[in-house]
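In our numbering, the protein residues as written are 5 to 322.
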């Protein structure tokens, strides 16, 4: 069932194509909420934003493809270990040549995430990170970045603030994309409508268990790029890349010219090199980077380690 308005989200967990259907991500009942206004971008920041060199995610992939390059897409959790460090981490990742940066909104029940990102979200929330604080932080830092930012958020934080309000706000501050991993494709129509109205590219996920017909629908609707989940289960580093990925990439590319980025389990430079050789247009590295930044002895050490770690992934890609 689609999301009909910004006032509620009807979630159906019994979707066979969703490999995480056994994980409780939301109630089957409609969730009601009152629309809470997020902070308005101030006029000065808005003027600065119009001069930002950041381009859209799809434009980024088009440019990279014309240059024969593959996108490096790192993921970090907002507020881990604190938002001041997040600002610096975004700048470090940008300076290291990241093509898109995925920023996670911390959530108390990240059911699709493994222990590293789950612990990262817990640290962030324990430190007092709120969505309003993240919005304010991004309002200041996005104009200083050259690559587009996409947010990854579970559905409940979006519902809590109102889908209409959420999409409008992140668009105004310059966020270019959004991933909502716990909403099955059948329930994404409302999100897709609001994203389109606000020029936010809603990235959809396909997995090794997604049927061919469902994959075609997902690929057709996905904006920015198609997110190929490389393995079943939760996020987290894996010793090797799933050998199904080459076939999955081929099947997707037979039905679309959109960019396809591979994520889940990529934890070493050789992993991103391998998926690039298999034909991926982008490589998403999450848990390995979160671990380096969030579990360092100090924020400064974490930033230093992050820089060298990110450069090692970037240099492994064409």
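Just so it is clear, CB atoms sit at the ideal spot from N, CA and C, and this is done for glycine as well.
| message | If distances are taken between C-alpha atoms only, which option among 156, 142, 71, 102 comes closest to residue 110? | response | 156
| So what's residue 76 in DSSP terms, helix, strand or just coil? | strand
| task | Taking all protein chains shown into account, decide if residue 319 is buried (16 or more other Cβ within 10 angstroms of its Cβ) or exposed. | result | exposed
| task | Whole angstroms is fine: what's the gap from residue 134's alpha carbon to residue 122's? | result | 16 Å
| message | To the nearest angstrom, how far is the alpha carbon of residue 78 from that of residue 292? | response | 9 Å
| query | Quick one: what does DSSP say residue 132 is sitting in, helix, strand or coil? | reply | coil
| At which residues does the alpha helix (DSSP H) containing residue 167 begin and terminate? | 167 to 176
| query | Taking buried to mean at least 16 other C-beta atoms within 10 Å of its own C-beta, is residue 253 buried or exposed? | reply | buried
| For the region 186 to 201 against the region 215 to 231, are there 3 or more C-beta pairs whose distance is under 8 Å? | yes
| task | State the Cα-Cα distance for the pair residue 47 and residue 142, rounded to the nearest angstrom. | result | Since pLDDT at residue 47 reaches only 35, below the 50 mark, its modelled position is unreliable, and the value read off the structure follows with that caveat. Their backbone Cα atoms lie some 15 Å apart in a straight line.
| task | Measure the alpha-carbon distance for residue 289 versus residue 314 and round it to whole angstroms. | result | 9 Å
| query | On the three-pair Cβ rule with 8 Å, is the region 169 to 178 touching the region 208 to 219? | reply | no
| said: Quick check on residue 82: does DSSP put it in helix, strand or coil? | reply: coil
| query | Taking DSSP as the reference, what is the three-state secondary structure of residue 298? | reply | helix
| Span of the alpha helix (DSSP H), counted from its first residue to its last, around residue 194 | 193 to 201
| message | According to DSSP, is residue 118 part of a helix, a strand, or is it coil? | response | coil
| query | Does the pairing of the region 263 to 279 with the region 296 to 305 give three or more beta-carbon distances under 8 Å? | reply | no
| said: With DSSP as the reference, identify every bridge partner of residue 105, one or two as the case may be. | reply: 153
| In chain order, what residues of the same chain lie with their CB nearer than 6 Å to the CB of residue 69, ignoring the 5 residues before and after it? | none
| field | Length of the line joining the Cα atoms of residue 294 and residue 82 | value | 10 Å
| message | Quick test of the definition: if touching needs 3 or more C-beta pairs under 8 Å, does the region 181 to 197 touch the region 145 to 161? | response | yes
| residue 282: CB within 6 Å of a non-hydrogen atom of the ligand GTP | Because no ligand of any kind appears in the structure shown, any question about the ligand GTP cannot be addressed here.
| task | Going by CA-CA distance only, name the one from 221, 165, 211 that's closest to residue 192. | result | 221
| message | If contacts are defined as beta-carbon pairs under 8 Å, then residue 232 and residue 287 qualify, I think. What distance do you get, rounded to the angstrom? | response | Actually they do not touch by this definition, with Cβ atoms about 10 Å apart.
| Would a C-beta distance cut-off of 7 Å place residue 298 and residue 113 closer than the cut-off? | no
| Excluding five sequence neighbours on each side, which residues of the same chain lie with their C-beta closer than 7 Å to the C-beta of residue 91? | 141, 145
| query | Going by the beta-carbon positions, is the gap between residue 259 and residue 223 smaller than 7 Å? | reply | yes
| query | What first and last residue would you give for the alpha helix (DSSP H) that runs through residue 91? | reply | 87 to 99
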